[in-house]
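In what follows, a single structure is set out as structure tokens and then discussed.
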Amino acid sequence: MTCGMARLLMIFARPGATELDGGEISALESHLAECPNCREHSRQGRRDDDSIARAMRAVVVPVRLQAELASQLARTSRFSLMRKIAILTLAGGVLLVGWRLWPAPVFDADAIAASAYDEVANRDGVVEWLARQNPLFSFPPRFNGKFLVACERRTIHGVTAPVLTFVRRDSLARVAVVTENQFRNLAEVATGRAAENSVSTIVVLRMAESPGVVYLVEVLNGPIEPFYNDEEISAT
Amino acid sequence: MTWPVGRSRVYDLVAEHYAPVYRFAYRLSGKPDLAADLTQEAFCRAQENWGQLRDPDRPLPWLFSIVRNCYLRKCRDDRARKTVAFSEEFDWPEPVADEPIGEIDPCDLQKALDDLPENYRTPLILFYFEEFSYREIADQMGVALGTVMSRLARAKQHLRKRLETVISTGGAP
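Chain order of the listed sequences is A and B. Taking the numbering used here, the leading residue of the first sequence gets 10, the next gets one more, and so forth. Taking the numbering used here, the leading residue of the second sequence gets 1284, the next gets one more, and so forth.
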């Protein structure tokens, strides 16, 4: 190792330093053992560094500093906690006021019914939907489309069929569109449904134009007539 | 939102480290009152931001960095402070002069430190004060290792020159 390299490594060689690896430290120590100039240079550097370090640390710390710090930290901690509590309280208050002032949702059955009607009131769409179930199916005769609120497939006595639901005031009419041959005895089915569901009226409608198609009508809480318009049908 | 850390942990931190933190703040600022303020502010910030302490077994570098940040913030209003000018160009120094500088008066040392710009003073204090490694000083200051080496070398040269003058003139630089 040259003296130049040794003096460069001396910059990094000091107690507690981690910049030099074991090989570099031992090489530097070997050089210092052999070279009196560098050894003296290193000793003097250490002495100067120690001298500066001693002077650097020679600072008189105020006697009451620790107590003052503890007192200040306690105040800050209390203030910080109070500030956070105040913020949370304020946020809670704002939420409470907002909750009280926010208009409460109003349940409007008529609006909901009207909305439902709007969604399914497309009579052509319902006719198409029925035709997709069976080309013979058509909209229930004489029933006024404006009272229609829902179309769905439901299971009746083990048979899945399209069912239209009509609502007028407090009355509800459910019309299942089926074929004659889907049930062994349609009259028995009608009687059974009347007994099971406590319906006010149960009617089986047939149309001359659609032979084999049957409309099984159940009316809850009222007669069937309010749901009609003036189309011709034959009722049995 | 960070909740304040438990009181006993903060008081333990104060009891164990308030003296080195004050000494660092004093050497950095050169003023006892400002050093006390910086120490107080540093511990308050440590209490508020306890979660940012990465190594609970070695909190001093973290506390020093808080002190330095507080000091730099205060210094923004004091830009007229006169310090010696240094180039950031790197040159390998000759760390030791021919004559030893002998015992140093801590007040003379402080005067020499006060002449240095903060970015030269801080590495010097960290180097001598708590024997931080060059890497730790670089991490602390957010600069490259080479920059730390260069600044330390220049700061040491300045310190040596000032202290030699003080010693040779019997305390009147």
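A virtual CB, placed ideally from N, CA and C, is assigned to each residue, including glycine. None of the values given here were measured: they were computed from a predicted structure.
Nearest candidate by alpha-carbon position, reference residue i, set the options
i, options, result
"residue 1313 of chain B", "B:1446, B:1411, B:1429 and B:1398", "B:1398"
"residue 85 of chain A", "B:1332, B:1353 and B:1350", "B:1332"
"residue 1292 of chain B", "B:1329, B:1425 and B:1426", "B:1329"
"residue 1389 of chain B", "A:65, A:149, A:75 and A:100", "A:65"
"residue 16 of chain A", "A:40, A:142 and A:104", "A:40"
"residue 155 of chain A", "A:237, A:34, A:215 and A:162", "A:237"
"residue 1438 of chain B", "B:1334, B:1349 and B:1411", "B:1411"
"residue 76 of chain A", "B:1323, B:1342, B:1409 and B:1402", "B:1323"
"residue 151 of chain A", "A:50, A:14, A:19 and A:235", "A:235"
"residue 163 of chain A", "A:141, A:149, A:180 and A:186", "A:186"
"residue 1395 of chain B", "B:1327, B:1316, B:1321 and B:1311", "B:1311"
"residue 1356 of chain B", "B:1444, B:1341 and B:1320", "B:1320"
"residue 70 of chain A", "B:1444, B:1402 and B:1315", "B:1315"
"residue 1444 of chain B", "A:57, A:48, A:52 and A:233", "A:57"
"residue 1401 of chain B", "B:1428, B:1309 and B:1335", "B:1309"
"residue 63 of chain A", "B:1299, B:1336, B:1393 and B:1341", "B:1393"
DSSP bridge partner residues for residue i (one or two, in chain order)
i, result
"residue 159 of chain A", "A:174"
"residue 225 of chain A", "A:185 and A:213"
"residue 51 of chain A", "For residue 51 of chain A, which the question treats as bridged, DSSP gives no partner whatsoever."
"residue 180 of chain A", "A:177"
N- and C-terminal bounds of the alpha helix (DSSP H) containing residue i
i, result
"residue 236 of chain A", "It is not in any alpha helix (DSSP H) - residue 236 of chain A carries neither H nor E in the DSSP assignment."
"residue 8 of chain A", "This structure does not reach residue 8 of chain A, given that chain A is present from 10 up to 245, and the question cannot be answered."
"residue 147 of chain A", "Premise fails: residue 147 of chain A is in no alpha helix (DSSP H) and is neither H nor E."
"residue 133 of chain A", "132-142"
"residue 1316 of chain B", "1315-1331"
"residue 1415 of chain B", "First-last for residue 1415 of chain B: undefined, no H or E at that position."
"residue 1340 of chain B", "Careful: residue 1340 of chain B lies outside any alpha helix (DSSP H) and carries neither H nor E."
"residue 1334 of chain B", "Premise fails: residue 1334 of chain B is in no alpha helix (DSSP H) and is neither H nor E."
"residue 1389 of chain B", "1389-1398"
"residue 33 of chain A", "31-43"
Simplified DSSP state of residue i, which is helix, strand or coil
i, result
"residue 192 of chain A", "coil"
"residue 1375 of chain B", "For residue 1375 of chain B, the predicted structure reports a pLDDT of 44, less than 50, and the residue's modelled location is therefore unreliable. The matter cannot be settled from this model."
"residue 165 of chain A", "strand"
"residue 152 of chain A", "strand"
"residue 5 of chain A", "Since the first and last residues shown for chain A are 10 and 245, residue 5 of chain A lies out of range."
"residue 1300 of chain B", "helix"
"residue 1311 of chain B", "helix"
"residue 23 of chain A", "coil"
"residue 108 of chain A", "helix"
"residue 1401 of chain B", "helix"
"residue 73 of chain A", "coil"
"residue 198 of chain A", "helix"
"residue 1359 of chain B", "coil"
"residue 204 of chain A", "helix"
"residue 1419 of chain B", "helix"
"residue 62 of chain A", "helix"
"residue 1288 of chain B", "Residue placement at residue 1288 of chain B cannot be trusted, given a pLDDT of 49 that sits under 50; what the coordinates show is reported in the next sentence. Reduced to three states, the DSSP call for residue 1288 of chain B is coil."
"residue 95 of chain A", "helix"
"residue 1352 of chain B", "helix"
"residue 102 of chain A", "helix"
"residue 67 of chain A", "coil"
"residue 1447 of chain B", "helix"
"residue 1427 of chain B", "coil"
"residue 46 of chain A", "helix"
Under 8 Å between C-beta atoms of residue i and residue j
i, j, result
"residue 147 of chain A", "residue 158 of chain A", "no"
"residue 176 of chain A", "residue 226 of chain A", "no"
"residue 1426 of chain B", "residue 79 of chain A", "no"
"residue 188 of chain A", "residue 167 of chain A", "no"
"residue 1405 of chain B", "residue 1351 of chain B", "yes"
"residue 1358 of chain B", "residue 1325 of chain B", "no"
"residue 1446 of chain B", "residue 1391 of chain B", "yes"
"residue 199 of chain A", "residue 228 of chain A", "no"
"residue 1344 of chain B", "residue 1423 of chain B", "yes"
"residue 1306 of chain B", "residue 68 of chain A", "yes"
"residue 34 of chain A", "residue 22 of chain A", "yes"
"residue 195 of chain A", "residue 172 of chain A", "no"
"residue 60 of chain A", "residue 1408 of chain B", "no"
"residue 217 of chain A", "residue 211 of chain A", "no"
"residue 230 of chain A", "residue 179 of chain A", "yes"
"residue 54 of chain A", "residue 19 of chain A", "yes"
"residue 1436 of chain B", "residue 1428 of chain B", "no"
"residue 219 of chain A", "residue 139 of chain A", "no"
"residue 74 of chain A", "residue 1294 of chain B", "no"
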